[in-house]
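Protein chains: 2
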Amino acid sequence: MDQQKRTEIGTLGEFGLIEHLTKGKKLIDKSTVLGIGDDAAILNHEGLQTVVTTDMLLEGIHFDLMYTPLKHLGYKAVVVNLSDIYAMNAKPRQITVSIGISNRFSVEAVEEIYEGIYAACEFYGVDLVGGDTCSSRQGLVISITALGTGIAEKITRRSTAKVGDIVCITGDLGAAYLGLQILEREKQLFLDNPDIQPELGTHDYLLKRQLKPEARKDMVELFEKNQLLPTAMMDISDGLASDLMHLCKQSGVGAFIEEDGVPIHPDAQMAAINFKLDPITCALSGGEDYELLFTIDSGDLEKIRFLPDIYIAGEIVPREDGLTLHTKGGNRHPITAQGWKHF
Amino acid sequence: MDQQKRTEIGTLGEFGLIEHLTKGKKLIDKSTVLGIGDDAAILNHEGLQTVVTTDMLLEGIHFDLMYTPLKHLGYKAVVVNLSDIYAMNAKPRQITVSIGISNRFSVEAVEEIYEGIYAACEFYGVDLVGGDTCSSRQGLVISITALGTGIAEKITRRSTAKVGDIVCITGDLGAAYLGLQILEREKQLFLDNPDIQPELGTHDYLLKRQLKPEARKDMVELFEKNQLLPTAMMDISDGLASDLMHLCKQSGVGAFIEEDGVPIHPDAQMAAINFKLDPITCALSGGEDYELLFTIDSGDLEKIRFLPDIYIAGEIVPREDGLTLHTKGGNRHPITAQGWKHF
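Protein sequences appear in the order of chains A and X.
739 is the number of the first residue of the first sequence in our numbering; add one for each residue after it.
739 is the number of the first residue of the second sequence in our numbering; add one for each residue after it.
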């Protein structure tokens, strides 16, 4: 993008803007019969079940444009939805995107958001098939709906974990939250003294986890390849503590988590200590990691023991045993949800 | 709703609010396998094609809460999406709803919006299967996605009209726009003098068209019953002029419309004259009527001649003949889009 150029959105109009943003893009998914341009898109999911999820991102609540590049924002807005589709053990196929933008944004700014959206579409192999673009009085609003497909018997809910199942976590937790703390700190320093240059250099991993997270497409493919069917699954978006509570509540079970079993990246460990935070608390309550939390039948333990980036974190227990954290020191703490509260 | 009661949204939290708003609601569509509560909803559209559409409504742009009852707003937000599904000659099956609300709204206010949403779901026989509820810094934001199904050969696009086809319109046009003019006038009078009582009594029809429009479910059923397959179709949301231009552009054709063939309700005629507006201009450019604009093969003319509430408005002509209005006085005017401009 040429940073100098500013085209007012009014010069294109709504239909012109949509045409401008979407022209030349080819449909890639074979189930997409018709994309943007009609009253509705047409999809052919014959023989498969469709899964559908939606997320809304609001400026000032879910993102701060002071430190969020627009392209990353577009990318992340797609990823958080695809993460929900993968968490059903399904394959994302199409998305729709609605954007509300105020006139403080130029056409070039909206193009950047769409660059990020299309980059995510390409990486995950999904089609953008519809949407709505309208002017907003105030902040930027992005609402995305994702559709995916799965074989009925393999779609994995969060309500089907059973006592004795093994609790697993992919990747690592807490890094996205610590990335946010770094961005917030640098923002505050900048607001206090605009001459200060941000010190972000050594925090690449944490910032990437916050600004450009990925959904665990690879894991769902790994399950398929290794003929592993989780008994229950969800993505970790609000924080392990809060999300595990949801999974357990809906499955009518309890669980324990071993502190040793919660994967934390060394950079997140370091950053937590620098912020005088407890690393395990960041991992339990941080949110926005978009890793997968899943349970497997204990008989499937051998199938995952040597799979990369999957960690055995605990076990499902009867509901009356509640949710507990077994600390490294041998203590047992009840787990309370301190996940992201939107209100 | 008890007008006196005000429960702060913060007392319920996001998950509590969703649970509160959706509890006790049963799923009614047989293709809905799983509704709200997991990472994604599960739908079984086996053997049918899925159609998907989305619309975003922003406070201050698409609605004014000064004269829009919240229940009507929820109802209309659903209807505008279902209208797009019917315009594909398909049957709506599920919707997802994302809402951004600021803390100036109480739980009771959000309940009213959901009452309207559920009323529309019930009337049209669709399931609410997912969504997102988050706090907004400023205005109210509603983003709805609708999914429908259709038989591949019967799904009707807007790009398939051909020269010689008859142009048809359902219902009547311009009333929603005139309803809006009345509401805006009364708002202005109220702002100038808050003691004045609004004079809305004699405008029931126009106000209903603006505040509680319906989608033409009945028409799609009538087509089916009479074995009529339109050659092209779309809904009239931006105004006949603008929407006909889209249909013609995508079909690579032109069209003429007979002024006599454009249905206008007597109340709309009267109101237009009172506002010193040309009724045909209101009908051509008003928007928000959510009627259907469709074309049929001239051989099917007999099938519609005696169907209620369908009007023959014109004919599809070669592209080079452009878009023209044949006035009652025998003049020919080029049709220009003056539909709703969002920017």
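Idealized CB from N, CA, C, for every residue including glycine.
No experiment lies behind these values; they were computed from the predicted model shown.
- Listed as beta-bridge partners of Glu891 (chain A) by DSSP are no residues whatsoever.
- Here Pro1072 (chain A) has Gly1060, Leu1061, Thr1062 as same chain residues with Cβ atoms under 7 Å from its own Cβ, once five neighbours each way along the sequence are excluded.
- Taking 3 residues as the shortest admissible run, the region 898-986 of chain X contains the following complete beta strand (DSSP E) segments, listed from N- to C-terminal end: 904-908, 970-974.
- Residue pairing by DSSP places Phe1032 (chain A) opposite A:Cys906, A:Met971 in a beta bridge.
- Judged by DSSP secondary structure, Ser1023 (chain A) falls within the alpha helix (DSSP H) whose first and last residues are 1017-1023.
- For the pair Gly888 (chain X) and Gln787 (chain X), the CB atoms are nearer than the 8 Å cut-off.
- When C-beta atoms of the region 889-909 of chain X are compared with those of the region 763-781 of chain A, three or more pairs fall below 8 Å, so the two segments count as touching.
- In terms of Cβ geometry, Val879 (chain A) and Val879 (chain X) form a close pair [threshold 8 Å].
- Between the alpha carbons of His783 (chain A) and His783 (chain X) lies a gap of roughly 7 Å.
- Excluding sequence positions up to five before and after Pro936 (chain X), its CB lies within less than 6 Å of the CB of Glu924, all in the same chain and listed in chain order.
- Contact between the region 1010-1021 of chain A and the region 1033-1042 of chain A is absent: fewer than 3 CB-CB pairs across the two stretches fall below 8 Å.
- Any Cβ of chain X closer than 8 Å to the Cβ of Cys859 (chain A) would place that residue at the interface, and such an atom is absent.
- Neighbourhood of Ala779 (chain X) in chain A, by CB distance below 8 Å: Val789, Val790, Thr791, in chain order.
- Of all C-beta pairs linking the region 903-915 of chain X to the region 960-979 of chain X, three or more are shorter than 8 Å, placing the two stretches in contact.
- Nearest Cα to Leu911 (chain A) within the set A:Thr871, A:Gly1067, A:Leu1022, A:Ala884: A:Leu1022.
- The criterion of a C-beta distance shorter than 8 Å is not satisfied by Phe961 (chain A) and Val1055 (chain A).
- Closest option to Val958 (chain X), judged by alpha-carbon separation, among X:Leu808, X:Glu850, X:Gly886: X:Gly886.
- Of the other Cβ atoms in all chains shown, fewer than 16 fall within 10 Å of the Cβ of Gln926 (chain A); this residue is therefore exposed.
- The Cβ atoms of Val901 (chain A) and Val835 (chain A) do not sit closer than 8 Å to each other.
- Using a CB distance cut-off of 8 Å, Cys986 (chain A) does not count as an interface residue toward chain X.
- Taking Asp1035 (chain A) as the centre and dropping the five residues before and after it, the same chain places the C-beta of Asp903, Thr969 closer than 7 Å to its C-beta, in chain order.
- Under the Cβ criterion (8 Å, minimum of three pairs), the region 869-878 of chain A counts as touching the region 830-850 of chain A.
- Considered as a whole, the region 745-776 of chain A harbours 751-760 as its complete alpha helix (DSSP H) runs of no fewer than 4 residues, in chain order.
- Under the three-state reduction of DSSP, Gly868 (chain A) is assigned to strand.
- Listed by position along chain X, the residues whose Cβ is nearer than 8 Å to that of Met972 (chain A) are Asp776, Asp777.
- Under the three-state reduction of DSSP, Asp793 (chain A) is assigned to strand.
- Lys950 (chain A) is positioned such that its CB atom lies closer than 8 Å to that of Lys814 (chain A).
- Rounded to whole angstroms, the separation of the alpha carbons of Glu1029 (chain X) and Ile823 (chain X) is 12 Å.
- When the beta-carbon positions are compared, Asp767 (chain A) and Gly854 (chain A) stay at least 8 Å from each other.
- Residues of the same chain with a CB within less than 7 Å of the CB of Ala1051 (chain A), apart from the 5 flanking positions on each side, are Val905, Cys906, Ile907, Ile995, Glu996, Gly999, Val1000 in chain order.
- Between Ser840 (chain X) and Glu746 (chain X), the C-beta gap is not smaller than 8 Å, which leaves the two residues out of contact.
- Contact between Ile920 (chain X) and Leu945 (chain X) holds, since their C-beta atoms are separated by about 7 Å, short of 8 Å.
- Only exposed fits Arg875 (chain X), as fewer than 16 other CB atoms lie within 10 angstroms of its CB.
- Taking 8 Å as the threshold, the shortest C-beta distance from Glu846 (chain A) to chain X does not fall below it.
- Considering only A:Val790, A:His1064, A:Arg1057, A:Glu850, the residue with the shortest C-alpha distance to Gly812 (chain A) is A:Glu850.
- By the neighbour-count criterion, in which a residue is buried when 16 or more other Cβ atoms sit within 10 angstroms of its Cβ, Glu757 (chain X) is exposed.
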